[in-house]
Amino acid sequence: MQPPKTVATFTPHSTIVCFDFNYNPSFGPIGEVLIAEFGSEAPDTTGGNPASLVGDRVSSGCNIPSG
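Take a look at the structure:
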């Protein structure tokens, strides 16, 4: 059995908590995936190292082709 193909990668220590698809043409492209990310909770989860620019955002830009 082959694992599914990767369609997106994220910064190490970012936490993907939710995603949804855009259905409103005035907001952006129809079908675009919007992904909610939490941060790394550094330094607790990074061995004491800072992890700037990780999570705490909504990522977009992944447009999944319709089937």
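In terms of this note's numbering, the sequence shown opens at residue 13 and continues consecutively. In this text, a Cβ means the ideal position worked out from N, Cα and C, and glycines have one as well.
Distance, Cα to Cα, residue i vs residue j?
{"i": "Gly51", "j": "Ser71", "result": "13 Å"}
{"i": "Asn36", "j": "Ala48", "result": "18 Å"}
{"i": "Pro15", "j": "Gly59", "result": "30 Å"}
{"i": "Asn61", "j": "Ile42", "result": "39 Å"}
{"i": "Cys30", "j": "Met13", "result": "27 Å"}
{"i": "Pro55", "j": "Arg69", "result": "19 Å"}
{"i": "Gly73", "j": "Lys17", "result": "18 Å"}
Below 9 Å between beta carbons: does that hold for residue i and residue j?
{"i": "Val19", "j": "Phe33", "result": "no"}
So, at 7 Å on beta carbons, what are the nonlocal neighbours of residue i in its own chain, with the 5 sequence-adjacent residues on each side left out?
{"i": "Val66", "result": "Thr23, His25, Ser26, Gly51 and Ser52"}
{"i": "Ile28", "result": "Phe22, Ile47 and Glu49"}
Kindly indicate the opening and closing residues of the beta strand (DSSP E) around residue i.
{"i": "Val29", "result": "Thr27 to Phe33"}
{"i": "Phe50", "result": "Glu44 to Phe50"}
Tell me which same chain residues have a C-beta within less than 8 Å of the C-beta of residue i, skipping the five on either side of it?
{"i": "Ser38", "result": "none"}
{"i": "Gly79", "result": "A caution first: Gly79 carries a pLDDT of 42, below 50, which makes its placement in the model unreliable, though a value can still be read off. The answer is none, since no qualifying residue turns up."}
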